[in-house]
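Engineer:
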Amino acid sequence: MEHYKYMDKYKLEIYENPLIQSKNRLNPRAYFKEYSSLQQALEYDVNYRGKIIDLNGKWKFKLFDSPKLINSDIKKIDYTNFNDIIVPLPWQMANYGKMHYSDVWWTFPIMPPKVITNNPTGVYYKEFIIQNIDDNNDYILRLHNADSCVQVYLNDNEIGMTKGSRYTAEFKLNEYIKNGENKLLIICYQWSDGSYLEDQDQWWFSGLYRNVEILIEPKNFINDFFIKTKRLSENYYDFSLEVKLKEESNLNLNIAIFDKNKNIIFSNKFNNCSDKVFFNQRFNNINEWNAETPNLYTLVIYNDEKTWFVPHKFGFREISKNKRVLLLNGKPIMFKGVNFHSHNPKTGKFVPLSQIEKDLKIMKKHNINSVRTSHYPQVVEFYYLCDLLGLYVIDEADLEAHGFELTGDWSWTSNDEKFKLSYLERGTRMVHRDKNHTCILMWSLGNETGFGQNFIDMANAIKEIDDTRFIHYEGDFDCEVVDVHSNMYTRLEIGKHDEKRRTLQSVLDGYVGDRQYPKWKELPHIECEFAHAMGNGPGSLYDYFEIFYSNEAFAGGFVWEWYDHGIESKDQYNNVYYKYGGDFGDDPTNGTFCIDGLMMPDGTISPGLIEYKEVIAPVVLKLSEDNAKFFVTNRHDFTLLSQYDSCIKITNSNGRVIYQANIDLHDILPRTTKEFSLPKINKLKNTYYFLSLELRYKKDTMFSKQGDIVSIKNAELNFIEENKPIISDDSYIKVNDKEFELEIFTKDLKIIFDKTNSNIRSIYKNDNLIVEKGPQLNFWRGLTDNDNDQYRQIWMKQFFVHLFSESVMNYEIEHTDNGLMINVETINGAVNQAWYFTSQYRYLIHYNNTIEFEVNGKPSGLINVSEEMTQKAGSGSSIKIDPNDIVPKMLPRIGIKMKLNKSFDSFEYFGKGPGESYSDSCQANPYNLYSQTIDQSFTNYVHPQENGNKHKSLWVKPKSDFLSFKVYAPTKENRFDFSLTYYDDMHLTLTKHRNELIKDDFIHFNIDYKQNGLGSNSCGPLPMDKYKCTVEEFKIKFIMDFN
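Sequential numbering from 1 applies to the sequence shown in the UniProt record's numbering.
#1: Which value, in whole angstroms, describes the spacing of the CA atoms of residue 95 and residue 375?
#2: With a cut-off of 8 Å, do at least 3 Cβ pairs link the stretch 52 to 59 to the stretch 116 to 132?
#3: What are the complete beta strand (DSSP E) segments, minimum 3 residues, inside the stretch 824 to 851?
#4: Work out the CA separation of residue 387 and residue 703 for me, nearest whole Å.
#5: Looking at the secondary structure, which residues open and close the alpha helix (DSSP H) in which residue 459 lies?
#6: Is residue 38 helix, strand or coil by DSSP?
#7: Using the C-alpha atoms, what's the distance from residue 941 back to residue 1032?
#8: Under the DSSP definition of a beta bridge, which residues are partnered with residue 532?
#9: For residue 811, name the three-state secondary structure that DSSP assigns.
#10: Please report the Cβ distance between residue 197 and residue 169, rounded to the nearest whole angstrom; I am assuming they are in contact, meaning their Cβ atoms lie under 8 Å.
#11: Restricting to Cα atoms, I'd like to know which of 738, 652, 807 and 828 is closest to residue 716.
#12: Would residue 26 pass as an interface residue toward chain B - the criterion being a Cβ-Cβ separation below 8 Å?
#13: In the structure shown, what three-state DSSP assignment does residue 426 receive?
#14: In angstroms, rounded to a whole number, what distance separates the CA positions of residue 797 and residue 747?
#15: Among the candidates 217, 311, 353 and 284, whose CA atom is the shortest distance from the CA of residue 51?
#16: Sort 639, 437, 971 and 28 by Cα distance to residue 724 and report the nearest one.
#17: Where do the N-terminal and C-terminal ends of the alpha helix (DSSP H) with residue 936 fall, by residue?
#18: With three or more beta-carbon pairs closer than 8 Å as the criterion, would you say the stretch 287 to 305 touches the stretch 519 to 535?
#19: Indicate whether residue 535 and residue 785 have their beta-carbon atoms separated by less than 8 Å.
#20: Please return the same chain residues whose Cβ sits closer than 7 Å to the Cβ of residue 16, not counting the five positions on each side in sequence.
#21: Can you grab the Cα-Cα spacing for the pair residue 932 / residue 954, in whole Å?
#22: Measure from the alpha carbon of residue 102 to the alpha carbon of each residue in 53, 40 and 204, then state which is nearest.
#23: For residue 229, does the count of other Cβ atoms within 10 angstroms reach 16, so buried, or fall short, so exposed?
#24: Within 10 angstroms of the Cβ of residue 603, are there 16 or more other Cβ atoms? Answer buried if so, exposed if not.
#25: Measuring CB to CB, does residue 764 end up less than 8 Å from residue 750?
#26: Report yes if the CB atom of residue 209 is closer than 8 Å to the CB atom of residue 350, and no otherwise.
#27: Could you please give me the residues that DSSP links to residue 767 through a beta bridge?
#28: Check each candidate in 313, 400, 317 and 121 and name the one with the smallest Cα separation from residue 238.
#29: According to DSSP, simplified to helix, strand and coil, what is residue 1043?
#30: Should the stretch 416 to 431 be called in touch with the stretch 392 to 400, which here means at least 3 C-beta pairs below 8 Å?
#31: Of all the options 897, 439, 697 and 742, which has the alpha carbon lying nearest to the alpha carbon of residue 820?
#32: Within 10 Å of its beta-carbon, does residue 464 have 16 or more other beta-carbons around it, so buried, or fewer, so exposed?
#33: Over the uninterrupted beta strand (DSSP E) stretch that includes residue 324, give me the two end residues.
#34: Report all residues from its chain with a CB closer than 6 Å to the CB of residue 224; omit the five preceding and five following residues, and keep chain order.
#35: Where does residue 643 sit, in a helix, a strand or coil, going by DSSP?
#36: Find out if the Cβ-Cβ distance for the pair residue 270, residue 557 is shorter than 8 Å.
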């Protein structure tokens, strides 16, 4: 296209010329480590980095505003005014340059492949000493990253150049390295032609933030090897190995394979090898590798002299498909995955290996079985840990050009011939380095970069290297080169104005709107991103997996994403908080969009991850309608449930366990269900009963301890209801009618009723203040990130939902035989809105210190607009009335709010717990009796928002040190959501960081008919219709018992 040629007339510097991707860089190869003994090789210490000179640590550094400011004669560079920097670390995290976060936008004009003149350029300088250089060795500089382009010099001699920010690059140093002191210089350009291919959703970090080392290896040595396994039948495999030797090598090569007990199962010797060695061997009775049983064997390559040993741990496995079913080792698999960016709140893109190992173990402990390396290859140790722990990996190339979407040509670089070499290298360098890792099932070509010929060439180049794995890329809309159909945020259901979106059903049927996609109906489907874990959420994880398991064409998906990308900071009071986009003056920015992980920056596990753990747990519990039987499904793909201890419990709504027994699940085959008889119990009327199934680990594993919970499933038994009226001698109620208030006295209570606003102003018990403000309708919540800017604007700027007020139309008070009855009629409406709720409050106050409360509401006012009204509205006005946009499609909540005395800082309740739960996120919280402080129930999100809700509770008892009262639902239909918090909804809505929250001097007590579902609308779908809170009729009814 013509715009591809705009820059052709200008001279290109080496760092912006896509036709030059490297200079003197060695060919890519598999990563391996040399050991000195067989014992060490078999142990394979993940922290051991081989025979190296470690260049991590203190370097000299200076950041120039432009490369043009650096002396072109490197011998004349003056290092005396350089400062110290630690490597590995992005230079921005060492306070050089500017912090900037964006999702889609580049931070410079779009003029590929040219970059801006003021291209920040860091100069790294390090002196190191080496003694006794051996001419029989090669000395190889290995950079595990270079963001985004570096030129390397040793002792004032040019060594080479490389591009590709998150790829390993190796340079041979033999010609210029010397005994004694050596001087290493690395010039690093922040922007290069590669920056147009690295527009991922992340902080724009630069520099050397992975390990830097000089590898010392023999010249007479292997250079590369490639392991392949092909499944012939169950536990019967063809194993092939190709070993490439270094130039001018000549040696006898020994090859051995060991099992997990270090027993040798195969060995062979190849004499006089000088180029490459290739052999096949068939193995029977093999223990196959999968995520549930990650059986590893160890290949060891060594010389006759046994002076060096090169090990690699691998598994026997094969990925394939049968029509639309994705298979591993001949069996269907389900990805229960996450997307994984590199991030640390203190060190940015440098992530210590200890954190990576911890993160992967947390994933396994939370039933996650797969990771997509979004959107670039990870550090080399990551893949070994995934091999070891059992995590499937989609290894993704460092390639995203999302910003081109905004130009109208999303495929700009994907079709531009100038960038072909970049695409090819970003695919093949990844494959060559990582090809021996069993965990990798698919190579992903990149992310959100349109589609074009460069992708086709890239896929073909990968397949030429490796024909054992699948190709993935969600941007291949027509499935021209991929082996699986992939999409992001596919809808569970389609709403109005959303017709161009794919649904999971349309994926099965191969269409979007009027267009057919026949290839979709031939391939397995995965959701490479299907839920956006931003703030409080995501919702509907359960609904996604119910659909995934409904058809074998679905192979699961990957939640976006693992980590919140917050940057640790401290305020003037030394309080720790986390910054996000815009907090550094960065513009344009996507703000909180980087705070979108299942893990908070400080390592706190989010409620979203706890929910995900339960949704993807290896068991499902169902009850028969008559409660005579229950059914347990094994959702493992390969293994039985025999590695778990399991028991069932029946608990009643008083918190009493009335039945408990171990249960044997060991014979339930993967993806099958077994029927059990439910123990018979004597049920009390008006008492709820819940069946739970608990799974715990029998033994310690690499990622869990014996007794750790795998899953707790919960099902409600049938309920026997009997209406029991409150019995109270209400003739003793006393009322003092004052000018502006009523004083109502019961046995121990003094209730102040405000006659002006017709609501309870306060409640005292024996002169102790309990309620500082009585129940009042509330339609607002602290907006969640998944409510997003769209609904923030709709609710706050169009419908002013945060500005509801209550107008009293009428109130009546009446002494009855059944208590003091107060009826109040109100209109609850928002600023400048002609629609509203007509509401009826009902208070029935009893002498025995109980209050029956009920409020009903009905949408009223102008909730429908006729065609005639629409036409008339246009007369003399520029405003066009949309009859479908007169009332909001959703409301944040419908409920009541009260204020309690601040001494009520804890509570007991029977409901879903112990964590927060919402209508579309409540699988991880079984019904039971719980006790918490208000601080414990608060979720301290990086970006403050709605939190702490308890969905569908039976009762709650707020408590102080010496007082308590109980709020309970009189019938099954009256169950309510509730929360107790120190923070006002608008304070949560407007506060930007957690350290800015200020506790109120009282407790906010929310009781809700309904809260809007969480959904995933920060990037994905709105809440499903069944979880939406709409402008609808409602009824809230509960009893407050102050005894």
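Cβ coordinates follow ideal geometry from the N, Cα and C atoms, glycine included.
Predicted, not measured: the structure shown is a model, and the values here were computed from it.
Structural biologist: The answer reads as follows:
#1: Taking the sequence shown and counting its residues from 1, the one referred to as residue 95 is at position 95. Taking the sequence shown and counting its residues from 1, the one referred to as residue 375 is at position 375. Taking the straight line from one Cα to the other gives about 25 Å.
#2: yes
#3: 835 to 845
#4: Within the sequence shown, numbered from 1, the residue matching residue 703 stands at position 703. Within the sequence shown, numbered from 1, the residue matching residue 387 stands at position 387. Spanning the two alpha carbons is a distance of roughly 14 Å.
#5: Locating residue 459 in the sequence shown gives position 459, where the first residue counts as 1. Counting along the chain, the alpha helix (DSSP H) containing residue 459 begins and ends at 453 to 465.
#6: Mapped onto the sequence shown, residue 38 falls at position 38. Helix at residue 38.
#7: Along the sequence shown, read from residue 1 onward, the residue named residue 1032 stands at position 1032. Along the sequence shown, read from residue 1 onward, the residue named residue 941 stands at position 941. Going from the Cα of residue 1032 to the Cα of residue 941 covers about 30 Å.
#8: Working through the sequence shown from its first residue, we reach residue 532 at position 532. Its beta-bridge partners are 560.
#9: Sequence index remark: in the sequence shown, residue 811 carries index 811 (1-based). Strand at residue 811.
#10: Numbered from its first residue, the sequence shown carries residue 197 at position 197. Numbered from its first residue, the sequence shown carries residue 169 at position 169. No, residue 197 and residue 169 are not in contact; Cβ-Cβ is about 16 Å, not under 8 Å.
#11: Along the sequence shown, one-based indexing puts residue 716 at 716. Residue 716 has its Cα closest to that of 652, out of 738, 652, 807 and 828.
#12: Among the chains of the structure shown, chain B does not appear; only one protein chain is present.
#13: Numbered from its first residue, the sequence shown carries residue 426 at position 426. Helix.
#14: Taking the sequence shown and counting its residues from 1, one reaches residue 797 at position 797. Taking the sequence shown and counting its residues from 1, one reaches residue 747 at position 747. The straight-line gap from Cα to Cα measures roughly 48 Å.
#15: Stepping through the sequence shown from its first residue, residue 51 is reached at position 51. Comparing Cα-Cα distances from residue 51 to each of 217, 311, 353 and 284, the minimum goes to 217.
#16: On the sequence shown, residue 724 is found 724 positions in, with the first residue counted as 1. The residue with the shortest Cα to Cα distance from residue 724 is 971.
#17: On the sequence shown, residue 936 is found 936 positions in, with the first residue counted as 1. Run containing residue 936: 934 to 937, per the alpha helix (DSSP H) assignment.
#18: no
#19: Indexing the sequence shown from 1 puts residue 535 at position 535. Indexing the sequence shown from 1 puts residue 785 at position 785. Their beta carbons are under 8 Å apart, which means residue 535 touches residue 785 by this criterion.
#20: Taking the sequence shown and counting its residues from 1, one reaches residue 16 at position 16. Closer than 7 Å at the Cβ level, and outside the excluded window around residue 16, lie 113, 114, 115, 192 and 193.
#21: Translated into positions along the sequence shown, residue 932 becomes position 932. Translated into positions along the sequence shown, residue 954 becomes position 954. Cα-Cα distance, rounded: 16 Å.
#22: Position 102 of the sequence shown, counted from the first residue, corresponds to residue 102. Nearest option by C-alpha distance: 204.
#23: Translated into positions along the sequence shown, residue 229 becomes position 229. Buried: at least 16 other Cβ atoms inside 10 Å.
#24: Here residue 603 corresponds to residue number 603 of the sequence shown, with the count starting at 1. Exposed.
#25: Your numbering for residue 764 matches position 764 in the sequence shown. Your numbering for residue 750 matches position 750 in the sequence shown. Yes, the Cβ-Cβ distance between residue 764 and residue 750 is below 8 Å.
#26: As a working note, residue 209 is residue 209 in the sequence shown. As a working note, residue 350 is residue 350 in the sequence shown. In contact: residue 209 and residue 350 (Cβ atoms closer than 8 Å).
#27: Against the sequence shown, residue 767 aligns to sequence position 767. Beta-bridge pairing links residue 767 to no other residue.
#28: Start at 1 with the first residue of the sequence shown, and residue 238 comes out as number 238. Here the closest residue by C-alpha is 317.
#29: Residue numbering aside, residue 1043 sits at position 1043 when the sequence shown is read from its first letter. Three-state DSSP puts residue 1043 in coil, outside helix and strand.
#30: yes
#31: By 1-based counting over the sequence shown, the position of residue 820 is 820. Minimum Cα distance to residue 820 is reached at 742.
#32: Along the sequence shown, one-based indexing puts residue 464 at 464. When all chains shown are included, residue 464 counts as exposed.
#33: The residue you call residue 324 lines up with position 324 of the sequence shown. Unbroken run through residue 324: none, as it is neither H nor E.
#34: Looking up residue 224 in the sequence shown gives position 224. 29, 30 and 244, listed in sequence order.
#35: Counting from 1 along the sequence shown, the entry for residue 643 is found at position 643. Looking at residue 643 - three-state DSSP - the assignment turns out to be coil, as it is neither helix nor strand.
#36: Counted from its first residue, the sequence shown places residue 270 at position 270. Counted from its first residue, the sequence shown places residue 557 at position 557. No. Outside cutoff.
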